[in-house]
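Asker:
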Amino acid sequence: MKLKTTIRDVAEYASVSTATVSYVLNDVNKVSQQTKEKVLEAIKHLDYHPDFTAISLSKRKSNMIGVMIPFVNHSLPPIFKQDHYYTEIISGMEYISSAQNYDLLISGVRDSEDCKSWVAKRNLDGLIISGPLPDSLIKELNTFNIPIVLIDNYGDFEKNYQIMIDDELGGYLGTKHLLNNGHTHISFVRINLPSTDLIDQQRYRGFKRALNEAHISINPDLVFDANGNSFEIGYKIGMKILDLKEKTTAIFASSDILAVGIIQAFRENGKEVPKDYSIVGFDDLEIIQYISPKLTTIRQDVFNKGVVLVQTIIDAIEQNGSHPVKLTLPIELIVRESTRSI
3 MKLKTTIRDV
13 AEYASVSTAT
23 VSYVLNDVNK
33 VSQQTKEKVL
43 EAIKHLDYHP
53 DFTAISLSKR
63 KSNMIGVMIP
73 FVNHSLPPIF
83 KQDHYYTEII
93 SGMEYISSAQ
103 NYDLLISGVR
113 DSEDCKSWVA
123 KRNLDGLIIS
133 GPLPDSLIKE
143 LNTFNIPIVL
153 IDNYGDFEKN
163 YQIMIDDELG
173 GYLGTKHLLN
183 NGHTHISFVR
193 INLPSTDLID
203 QQRYRGFKRA
213 LNEAHISINP
223 DLVFDANGNS
233 FEIGYKIGMK
243 ILDLKEKTTA
253 IFASSDILAV
263 GIIQAFRENG
273 KEVPKDYSIV
283 GFDDLEIIQY
293 ISPKLTTIRQ
303 DVFNKGVVLV
313 QTIIDAIEQN
323 GSHPVKLTLP
333 IELIVRESTR
343 SI
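Numbering-wise (the numbering used here), the sequence shown opens with residue 3 and increments by one.
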């Protein structure tokens, strides 16, 4: 039986010390480029596979970033199957983490105890949290002394990094666009979930601000609560809009996926967008480029948001406790084919 190649074998083959091999494996800048290449050639020739778990423990660094996202129906798969926002943001996270030799460990949030237990059992270098958690829980997670980045959390957490967009402005811009096109009877579709409640409150606040500026009263019959973010839920809300006794000429949906479902409901019932209804979405996800008509939407670069999240936490890890920042990423109104003037 062939014996497993050891670090000593690599050192002997490259005519260097085991310490030099260790420096190369740990990317310590204490050896010349020529020596580094000799060691790497020896590793390749001998087919040496270092124990990175042992290396990370010795360095007290795992190159592992935890990502906690909210459960839907007590399971993670529906999030990735139904909500393309998470698919896109995780893609951005994975892109940058792989490029910088970090791994992502993704888990769903069930409750506070489950969350604490999950973090305690992992040798994480940092943690990304999507959606709101109780302030008390975030304070407890801070006791693990690892950088924590919060996504779209409107709380005041001085010890944590926060990455968000101006959701209120997004709600305002989308509504203002419809008002500028002559629409005064506008429906608003918001997502009513614990994980998105604060986000959609902000978007709804922007919706109300635009209507108030136009001296238009809020009609509660034109406000719809979605119990999730999926095509199917959007479709059901589209059917409800069709049954409205109140007149509506435009819809602002709090996500692109809901907007697509609404459009499909209209299409199946002989209604055309934007001829019969104008509609605005939110996010500008990659998937919407394949639907017709092209969707007017509030663009946040979701893929880039994932990149920024992971780059922020890697910078915090490698700078060993840099001062936490609160970063608001840009948004913009993208006007396409789903809205028109009346």
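For every residue, glycine included, the Cβ atom is placed at its ideal position computed from N, Cα and C.
Based on Cα-Cα distance, which residue from Ser100, Val151, His51 and Val26 lies nearest to lysine 328?
Answerer: Taking the first residue of the sequence shown as 1, we reach residue 328 at position 326. Out of Ser100, Val151, His51 and Val26, Val151 has the C-alpha closest to the C-alpha of lysine 328.
Asker: Using 8 Å as the cut-off, can you tell me whether the stretch 257-266 makes contact with the stretch 305-321, which would need three or more C-beta pairs spanning the two stretches below that distance?
Answerer: no
Asker: Rounded to a whole number of angstroms, what is the C-alpha to C-alpha distance between serine 343 and lysine 277?
Answerer: Walking along the sequence shown from the start, residue 343 turns up at place 341. Walking along the sequence shown from the start, residue 277 turns up at place 275. If I take the Cα positions, the gap works out to 10 Å.
Asker: Measure the alpha-carbon distance for aspartate 49 versus serine 100 and round it to whole angstroms.
Answerer: On the sequence shown, position 47 is the one that residue 49 refers to. On the sequence shown, position 98 is the one that residue 100 refers to. If I take the Cα positions, the gap works out to 23 Å.
Asker: Report back the beta-carbon spacing between tyrosine 104 and asparagine 65 to the nearest angstrom; my notes put them in contact at under 8 Å.
Answerer: The count along the sequence shown starts at 1 and reaches residue 104 at position 102. The count along the sequence shown starts at 1 and reaches residue 65 at position 63. Confirmed, about 5 Å.
Asker: For valine 337, I'd like the list of residues in its chain whose CB is within less than 8 Å of its CB, leaving aside the five on either flank, ordered along the chain.
Answerer: The count along the sequence shown starts at 1 and reaches residue 337 at position 335. Taken in chain order, the residues that qualify are His179 and Thr298.
Asker: When you compare the stretch 132-148 with the stretch 172-188, are there three or more beta-carbon pairs, one atom per stretch, that lie closer than 8 Å?
Answerer: no
Asker: When the Cα atoms are used, what is the spatial distance from alanine 212 to leucine 224?
Answerer: As a first step, residue 212 must be located in the sequence shown, where it is residue number 210. As a first step, residue 224 must be located in the sequence shown, where it is residue number 222. Answer to the nearest angstrom: the Cα atoms are 15 Å apart.
Asker: With respect to 7 Å, is the separation between the Cβ of glutamine 36 and the closest non-hydrogen atom of the ligand HEM below this value?
Answerer: Among the ligands in the structure shown, none appear at all, so the ligand HEM cannot be discussed.
Asker: Can you round the beta-carbon distance between isoleucine 239 and phenylalanine 226 to whole angstroms, since I take them to be within the 8 Å contact cut?
Answerer: Here residue 239 refers to the residue found at position 237 when the sequence shown is read from its first residue. Here residue 226 refers to the residue found at position 224 when the sequence shown is read from its first residue. Sure, about 5 Å apart at Cβ, within 8 Å.
Asker: Would you kindly work out how many angstroms separate the C-alpha atoms of glutamate 142 and glycine 128, rounded to a whole number?
Answerer: Working through the sequence shown from its first residue, we reach residue 142 at position 140. Working through the sequence shown from its first residue, we reach residue 128 at position 126. Here the alpha carbon of glutamate 142 sits roughly 15 Å from the alpha carbon of glycine 128.
Asker: Contact defined as beta carbons within less than 8 Å: I believe glycine 184 pairs with glutamine 204. What is the distance between those atoms, to the nearest angstrom?
Answerer: Here residue 184 refers to the residue found at position 182 when the sequence shown is read from its first residue. Here residue 204 refers to the residue found at position 202 when the sequence shown is read from its first residue. Contact flag wrong, Cβ pair sits at about 26 Å.
Asker: How would you call threonine 356, buried or exposed, if buried means at least 16 neighbouring beta carbons within 10 angstroms?
Answerer: No answer is possible for residue 356: it lies beyond the span of the chain, which begins at 3 and ends at 344.
Asker: Where glycine 236 and alanine 228 are concerned, what is the direct C-alpha to C-alpha distance, given to the nearest angstrom?
Answerer: Residue 236 sits at position 234 when you count from the first residue of the sequence shown. Residue 228 sits at position 226 when you count from the first residue of the sequence shown. Each residue's Cα considered, the two are about 8 Å apart.
Asker: Give the C-beta separation of isoleucine 153 and isoleucine 165 to the nearest angstrom, bearing in mind that I take them to be a contact with Cβ-Cβ under 8 Å.
Answerer: Taking the sequence shown and counting its residues from 1, the one referred to as residue 153 is at position 151. Taking the sequence shown and counting its residues from 1, the one referred to as residue 165 is at position 163. Indeed they touch by this definition, with Cβ atoms about 6 Å apart.
Asker: Alpha carbon to alpha carbon, how far is glycine 230 from glycine 94?
Answerer: The residue you call residue 230 lines up with position 228 of the sequence shown. The residue you call residue 94 lines up with position 92 of the sequence shown. Going by the C-alpha atoms only, they are around 23 Å apart.
Asker: In the DSSP assignment, the beta strand (DSSP E) including glycine 283 goes from what residue to what residue?
Answerer: One-based indexing of the sequence shown puts residue 283 at position 281. Counting along the chain, the beta strand (DSSP E) containing glycine 283 begins and ends at 280-285.
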